[in-house]
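K.L.:
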Amino acid sequence: SQQGEEDPQALSIQEGENATMNCSYKTSINNLQWYRQNSGRGLVHLILIRSNEREKHSGRLRVTLDTSKKSSSLLITASRAADTASYFCATASGGSYIPTFGRGTSLIVHP
Amino acid sequence: EPEVTQTPSHQVTQMGQEVILRCVPISNHLYFYWYRQILGQKVEFLVSFYNNEISEKSEIFDDQFSVERPDGSNFTLKIRSTKLEDSAMYFCASIPPYGNTIYFGEGSWLTVV
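These protein sequence lines map, in sequence, to chains A and B.
Numbered according to the working numbering, the first sequence spans residues 3 to 113.
Numbered according to the working numbering, the second sequence spans residues 22 to 134.
Rendered as structure tokens:
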């Protein structure tokens, strides 16, 4: 299966700390995307990183991609209680640009 | 900012009944998708739709499912005879021309009893 798998499944931290989530996948990808989902809500796109990119930043988010290890990480710096959500990676590969999702990491940031 | 809108937000239906979930994608988008998420599980791809026809579908998207774009704006998912295991959140999504980012709606929560 091409889908990414996030690690850890759950992460609990204090406000102000950094949160790191990892995603591993199995075959070559075109791109990898990270999404956020608040409980019972839709998915919100955070960042897309292409297979020829190694790192991207967006505000307090930093995404890295290591295609040799088939893994990506999402770092949220200086976390806030409002960052509490589930975070998913989604990968697209081959001739399909349809993202397939992992099970997600549930992040809880305690105020 | 334009957004994908879905209706209903929540529907309860009896097993065996037909359900139609509606979506209005972002107006200039060309690719449309349905995903579903069973409670506590991963988001699963169902079907993609482009140029008024299905372009890809998953194993989940069997003969009980169908999609239509009955007019220039709406995009519907029909489940002909619902089963208990169809209970899930169903997400509609769309992609802009020349883009890779998928924009998701807020979802339609379907409960089959």
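C-beta atoms are modelled at their ideal positions from N, C-alpha and C, and glycine is treated no differently.
List the endpoints of the continuous beta strand (DSSP E) containing Phe86 of chain B.
P.N.:
Element bounds for Phe86 of chain B: 86-89.
K.L.:
Pull out every residue of the segment 94-114 of chain B whose Cβ sits closer than 7 Å to any Cβ of chain A, in chain order.
P.N.:
Those would be Phe112, in chain order.
K.L.:
Kindly confirm or deny that the segment 35-42 of chain B and the segment 56-65 of chain B touch, where touching means at least three C-beta pairs closer than 8 Å.
P.N.:
In short, these stretches do not touch, since the Cβ pair count stays below three.
K.L.:
Would DSSP call Leu51 of chain B helix, strand or coil?
P.N.:
It is coil, neither helix nor strand.
K.L.:
With Gln27 of chain B as the anchor, note down where its beta strand (DSSP E) starts and where it stops.
P.N.:
Looking at the DSSP string, the run of the beta strand (DSSP E) that includes Gln27 of chain B is 26-28.
K.L.:
Using 8 Å for Cβ pairs, my map puts Ile31 of chain A next to Ser95 of chain A. What's the rounded Cβ distance?
P.N.:
So it is a contact: roughly 5 Å between Cβ atoms.
K.L.:
Do we get a CB-CB distance below 8 Å when we pair Gly37 of chain B with the residues of chain A?
P.N.:
Output row for Gly37 of chain B: interface = no.
K.L.:
Within its chain, find whatever has a CB closer than 7 Å to the CB of Asn33 of chain A; leave out the 5 residues flanking it on each side and keep chain order.
P.N.:
The answer, listed in chain order, is Leu50, Ile51, Arg52, Ser53, Ala94.
K.L.:
Report, in whole angstroms, the separation of the C-beta atoms of Ser98 of chain A and Asn24 of chain A, which I expect to be a contact under 8 Å.
P.N.:
Not confirmed; about 24 Å, so no contact.
K.L.:
So, helix, strand or coil for Ala80 of chain A, using DSSP?
P.N.:
DSSP places Ala80 of chain A in coil when its eight states are reduced to three.
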